[in-house]
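Heads up: the structure comes next, in structure tokens.
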Amino acid sequence: MKQLYAKILILVGLFLLIGSFFVFDLHQYLTFDYLKTRHIIYKQYYEQNPTLTLLGYSLAYLILTALSIPCLSVMILIGGALFGFPLALLIVSFADVFGSTLAFLSSRSLLGKYLQNRYPSRLRAVNHGFSREGGFYLFYLRMIPLFPCFLINLLMGLTKMRVATFYWVTQIGKFPHNALYVNAGTQLSKMDSFSGAFSPSIIVSFLLIGFFPLLMKVGLRWVKMRKTVYLPQKINL
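According to UniProt numbering, the stretch in the sequence shown is residues 1 to 237, in order.
In structure tokens form, the structure reads like this:
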């Protein structure tokens, strides 16, 4: 009973924390318009305090991901604009996967175990499917963003997927998406003014982001078809 009360209190605290993010309009700081107005200030602060800026950015990204706050794409653009492609991609990749894993574990601890114990027969087929091909399903969802990333983190926590599987699939599956956004951020940083964000390189960067899910969907479907075609057929003698 004490554990139940503790989980309820934690859930209430998380809801209040996430709710305050929107009640106090903190999401306005994660918009492209805000980035345009503050880019020069961020750049100057980073040049004066590189270590503190890197640590603060990494921690902020990890916390926002762990709390399942949406609209983190602008955070990736900020990272690309400030730190350059290699460093920003490294920071974003690991902060993203660590934050996602924390959200995954929180969902499992607060709700996953309860649902598994409460509805074992109904979830048996789901657990069996994820034990066999859960990694592929997660990889598919990561490569083709049909659902928001924060929702995928929470839903996967309700299954019996291994933490290690969730970690490495998320690390690999989100890498191309993060790379495209970081590249877009680096292109934005090369401009003298964000008001003219229509240069060919920037347009190409955002077109790649838009077409990437479609290309991945076609590619994964092709792989699945080849797998089906080359399955050994049973011969009846």
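All C-beta atoms, glycine included, are put in the ideal place defined by N, C-alpha and C. It should be emphasised that the depicted structure is a prediction, and the values quoted were computed from it without experimental measurement.
With DSSP run on the structure shown, which of helix, strand or coil describes residue 86? For the purposes of this step, residue 86 is identified with residue 86 of the sequence shown, where counting begins at 1. Residue 86: helix per DSSP, three-state reduction.
Do residue 185 and residue 88 count as a contact pair if the criterion is CB distance below 8 Å? Translated into the one-based positions of the sequence shown, residue 88 becomes position 88. Translated into the one-based positions of the sequence shown, residue 185 becomes position 185. In contact: residue 88 and residue 185 (Cβ atoms closer than 8 Å).
Cβ pair residue 42, residue 76 closer than 8 Å: As a first step, residue 42 must be located in the sequence shown, where it is residue number 42. As a first step, residue 76 must be located in the sequence shown, where it is residue number 76. No, they are not a contact pair.
Where residue 84 and residue 111 are concerned, what is the direct C-alpha to C-alpha distance, given to the nearest angstrom? Taking the first residue of the sequence shown as position 1, residue 84 is located at position 84. Taking the first residue of the sequence shown as position 1, residue 111 is located at position 111. Rounded to whole angstroms, the gap between the alpha carbons of residue 84 and residue 111 is 39 Å.
Look at the Cβ atom of residue 153, then the Cβ atom of residue 73, and state whether they are nearer than 8 Å. Here residue 153 corresponds to residue number 153 of the sequence shown, with the count starting at 1. Here residue 73 corresponds to residue number 73 of the sequence shown, with the count starting at 1. At a Cβ-Cβ threshold of 8 Å, residue 153 and residue 73 do not count as neighbours.
For residue 176, does the three-state DSSP call read helix, strand or coil? In the sequence shown, residue 176 corresponds to position 176, counting from 1. Note: residue 176 maps to helix in three-state DSSP.
Other residues of its chain near residue 102: CB distance less than 6 Å, five sequence neighbours each side excluded: Looking up residue 102 in the sequence shown gives position 102. Counting only Cβ-Cβ distances below 6 Å, and skipping sequence neighbours, we find 66.
Three or more C-beta pairs below 8 Å linking the segment 149-169 and the segment 104-124: Flag = yes, the segment 149-169 and the segment 104-124 touch.
Using the Cα positions of residue 165 and residue 135, report the straight-line distance between them to the nearest angstrom. Working through the sequence shown from its first residue, we reach residue 165 at position 165. Working through the sequence shown from its first residue, we reach residue 135 at position 135. Near 6 Å, if we compare the C-alpha coordinates of residue 135 and residue 165.
Coarse secondary structure for residue 65, derived from DSSP in three states: The residue labelled residue 65 in the question sits at position 65 within the sequence shown. Here residue 65 sits in helix by DSSP.
Cα-Cα, which of 82, 96, 36, 57 is closest to residue 176? If you number the sequence shown from 1, residue 176 lands on position 176. Comparing Cα positions, the closest option is 96.
My understanding is that residue 82 touches residue 46, with C-beta atoms under 8 Å, so please give their C-beta distance in whole angstroms. The count along the sequence shown starts at 1 and reaches residue 82 at position 82. The count along the sequence shown starts at 1 and reaches residue 46 at position 46. Indeed they touch by this definition, with Cβ atoms about 5 Å apart.
Rounded C-alpha distance that separates residue 190 from residue 128: Within the sequence shown, residue 190 is the residue found at index 190, counting from 1. Within the sequence shown, residue 128 is the residue found at index 128, counting from 1. As the crow flies, the alpha-carbon of residue 190 is around 50 Å from that of residue 128.
Taking the alpha-carbon positions, what's the residue 163 to residue 109 distance? As a working mapping, residue 163 is identified with position 163 in the sequence shown. As a working mapping, residue 109 is identified with position 109 in the sequence shown. CA-CA distance, residue 163 to residue 109, rounds to 12 Å.
Tell me, to the nearest whole angstrom, how far the beta carbon of residue 178 is from that of residue 92; I am working on the premise that it is less than 8 Å. Walking along the sequence shown from the start, residue 178 turns up at place 178. Walking along the sequence shown from the start, residue 92 turns up at place 92. Contact between residue 178 and residue 92 holds: CB atoms are separated by about 5 Å, below the 8 Å threshold.
Simplified DSSP assignment, three categories, for residue 75: For the purposes of this step, residue 75 is taken as residue 75 along the sequence shown, with counting starting at 1. If DSSP states are grouped into helix, strand and coil, residue 75 belongs with the helices.
Starting from the Cα of residue 150, find the closest Cα among 130, 63, 124 and give me that residue. For the purposes of this step, residue 150 is identified with residue 150 of the sequence shown, where counting begins at 1. Nearest C-alpha to residue 150 among 130, 63, 124: 63.
On a CA-only basis, which of 147, 170, 146, 121 is nearest residue 139? Give me that one, please. The residue you call residue 139 lines up with position 139 of the sequence shown. Of the residues 147, 170, 146, 121, the one whose Cα lies closest to the Cα of residue 139 is 170.
Can you tell me whether residue 188 is buried or exposed, with buried defined as 16 or more other CB within 10 angstroms of its CB? Here residue 188 refers to the residue found at position 188 when the sequence shown is read from its first residue. When all chains shown are included, residue 188 counts as buried.
Taking just the CA atoms, how far does residue 55 sit from residue 49? As a position in the sequence shown, residue 49 is number 49, starting the count at 1. As a position in the sequence shown, residue 55 is number 55, starting the count at 1. If you take the alpha carbons of residue 49 and residue 55, they lie about 10 Å apart.
From residue 86 to residue 57, what does the alpha carbon distance come to, in whole angstroms? The residue labelled residue 86 in the question sits at position 86 within the sequence shown. The residue labelled residue 57 in the question sits at position 57 within the sequence shown. Just so you know, the alpha carbons of residue 86 and residue 57 end up roughly 15 Å apart.
Please confirm whether residue 137 and residue 147 have their CB atoms less than 8 Å apart. In the sequence shown, residue 137 corresponds to position 137, counting from 1. In the sequence shown, residue 147 corresponds to position 147, counting from 1. No, they are not a contact pair.
Once the 5 residues before and after residue 107 are set aside, which same chain residues still bring their CB inside 8 Å of it? By one-based count along the sequence shown, residue 107 stands at place 107. So the qualifying residues of the chain are 153, 154, 155, 156, 157, 158.
Give me the residue from 119, 98, 141, 123 with the minimum Cα distance to residue 61. Taking the sequence shown and counting its residues from 1, the one referred to as residue 61 is at position 61. Cα-wise, what sits closest to residue 61 is 98.
How about residue 56: is its C-beta nearer than 8 Å to some C-beta of chain B? Absent from the structure: chain B. Only one protein chain is present.
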